[in-house]
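Step one of this worksheet: look at the structure below.
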Amino acid sequence: MHEHIGSVTSGASHPEAYTAPSPQAVETEVADFLYGIIRLTHPDAVLETGTYLADTTVRLAQAVRDNGHGMVVSVEIDNERVVAARQRLITAKLAKHVRLLTGSFAKVNLRPPAGQYGVALFDSHWERDLEYHAARSHLAPGALLVFHDCGDQHKDGEVRARVAELERAGFIKGLYVPTPRGVVIAQHAPPAL
Amino acid sequence: MREDVRWLPHPRCSKPHSLWSAPDKDATELEVTAFIAALVRLTKPNLVVETGTYQGHTTAAIADALEANGDDGWVLTYETDQARAEEAHTLLEAHAAVGRVSIYNCTIQAFAPPAAVDLAFLDSSMGGRQAEMDFIWSRITPGGLVLVHDASPLRPPGKVRPPGKHQVLDIATPRGLLVFQRPW
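Taken in sequence, the protein lines are chains L and W. Start counting the first sequence at 0; every next residue gets the next number (numbering that gives the first Met the number 0). Start counting the second sequence at 0; every next residue gets the next number (numbering that gives the first Met the number 0).
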């Protein structure tokens, strides 16, 4: 097992094959998948809740840069982490692609710089449903959403249960992928199929 | 090389004529190929199948992703056109991950995968996709994924559905991409 992959959700396929840059960071494979989604769908804006040390923010910003348009908005409640994240983005020459917001996702203004969010990563608080509702009015129809830490080891499954409730209420439709920490890949205001 | 995507783009795709690229007008968009590779890295499948090998570019990307996973992953790819199958074979022979690829010059129905399939990418003839879905669905593992290319709702593959319960993402690329998941 990679040193930074901590607890593993039940049903994880090949957990030993995943990697992460630090114990609190998103798995590398999830960050790379987000890069792929952004390159695939060319969103006007990308939202991230829970910047942490900007490991994933860097990947999101690379995708926006490679698309040639768009902007990442990333929210972090811890001011020291925001300072560290900002420096990291400057060093990576990606700062112009990211707007860092300091504060709780529930209190900052999440309005995107232009258009609507076509892609969002919810990875801040345990209450993923509250993160979703804070951003909901700014999400494009059909926006692709990644809810992190949905494995059953997180808060005894409460994180995933809250995401499942969003689905039962008809706000989203999603797939579950048992990465070590578990992710739900969902669609906001899904089209009727 | 950029491609002008002219035909029946996905209605939710806001900029279908300027933003996506492909090696030629019939090949899978580079962004879709990269996305499939990222999905292989994310889900760590043991067995991947692809229909419509064409020149083998997406097959090679899948094989590279399986190699990066480091497990015993394997991709089976089906191409009914013999010249294209040979062209893909030539491309893949020179590829580092060639040992993870088997090319079949037939339909998937003519030579079924020998084990349960974790991820399938259906990209053969437009009119044949529903039959492929009907054939492959029962062979998909619980939680496994089936991707349908060219699946704008305005095009025939956009009407393809699995014959059983599923979850779905409808991704608004210019040509459209549907991602179905079999229930866990």
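Even for Gly, the Cβ is constructed at its ideal location relative to N, Cα and C. Since this is a predicted model, take the numbers as computed values, not measurements.
Cutting at 6 angstroms between CB atoms, please list the residues of its own chain near Arg1/W, excluding the five before and the five after it.
At Arg1/W, the pLDDT of 43 sits below 50, so the modelled position is not reliable; the number obtained from the coordinates is stated separately. Ser20, listed in sequence order.
Asp70/W by DSSP, collapsed to three states: which one?
DSSP places Asp70/W in coil when its eight states are reduced to three.
Since Ala19/L and Thr27/L are thought to touch, with beta carbons under 8 angstroms apart, how far apart are those beta carbons, to the nearest angstrom?
Indeed, because the Cβ distance is near 6 angstroms, the residues count as touching under 8 angstroms.
Would you mind giving the Cβ-Cβ distance between Val74/L and Val107/L, rounded to the nearest angstrom? I have them listed as a contact below 8 angstroms.
So it is a contact: roughly 6 angstroms between Cβ atoms.
When the Cα atoms are used, what is the spatial distance from Val183/L to Val176/L?
Each residue's alpha carbon lies about 6 angstroms from the other.
Looking at the structure shown, is Gly175/W part of a helix, part of a strand, or coil, going by DSSP?
Reduced to three states, the DSSP call for Gly175/W is coil.
What are the residues in the segment 25-40 of chain W lying within 8 angstroms of chain L by C-beta distance?
Going along the segment 25-40 of chain W in chain order, one finds Glu30, Val31, Ala33, Phe34, Ala36, Ala37, Leu38 and Arg40 with a Cβ nearer than 8 angstroms to chain L.
If you follow the beta strand (DSSP E) that His148/W is in, where does it begin and where does it stop?
His148/W -> beta strand (DSSP E) spans Ile139 to His148.
State the start and end residues of the unbroken alpha helix (DSSP H) segment that holds Ala19/L.
Per DSSP, Ala19/L belongs to no alpha helix (DSSP H) and is neither H nor E.
So what does Arg38/L bridge to, in DSSP terms?
In DSSP, Arg38/L forms no bridge with anything.
I need the boundaries of the alpha helix (DSSP H) containing Val158/L, first residue and last residue.
Glu157 to Arg167 is the extent of the alpha helix (DSSP H) around Val158/L.
Determine, for Lys154/L, whether the minimum Cβ-Cβ distance to residues of chain W falls below 9 angstroms.
Taking Cβ atoms only, chain W never reaches closer than 9 angstroms to Lys154/L, which makes this a no.
Are any of the Cβ atoms in chain W nearer than 9 angstroms to that of Ser73/L?
With 9 angstroms as the cut-off, Ser73/L does not count as an interface residue toward chain W.
Per DSSP, what are the beta-bridge partners of Glu49/W in this structure?
BP columns for Glu49/W point to Thr76/W and Phe120/W.
Which two residues bound the contiguous beta strand (DSSP E) that contains Ile102/W?
Taken as a continuous stretch (DSSP letters only), the beta strand (DSSP E) holding Ile102/W covers Val100 to Tyr103.
Quick one: what's Val97/L bridged to in DSSP?
DSSP lists Val71/L as partners of Val97/L.
Okay, do the segment 113-132 of chain W and the segment 86-104 of chain W touch, 3+ Cβ pairs below 8 angstroms being the bar?
Short answer: they don't touch.
Under 6 angstroms Cβ to Cβ from Ala217/L, same chain only, skipping five residues before and after it: list those, please.
Lying before the first or after the last residue shown, residue 217/L is absent from chain L, which here runs from 0 to 192.
Let me make sure I understand the geometry here. Which of Val72/L, Glu130/L, Gln23/L and Asp65/L has the alpha-carbon closest to that of Arg110/L?
Considering only alpha carbons, the answer is Val72/L.
For Phe104/L, which residues of its own chain have a beta-carbon under 6 angstroms away from its beta-carbon, when the five flanking residues on both sides are left out?
Closer than 6 angstroms at the Cβ level, and outside the excluded window around Phe104/L, lie Thr48, Val74, Ser123, Glu130 and Ala133.
For the ligand ZN, is there a heavy atom less than 8 angstroms away from the beta-carbon of Glu15/L?
Absence of the ligand ZN is noted for the structure shown, with no ligands found whatsoever.
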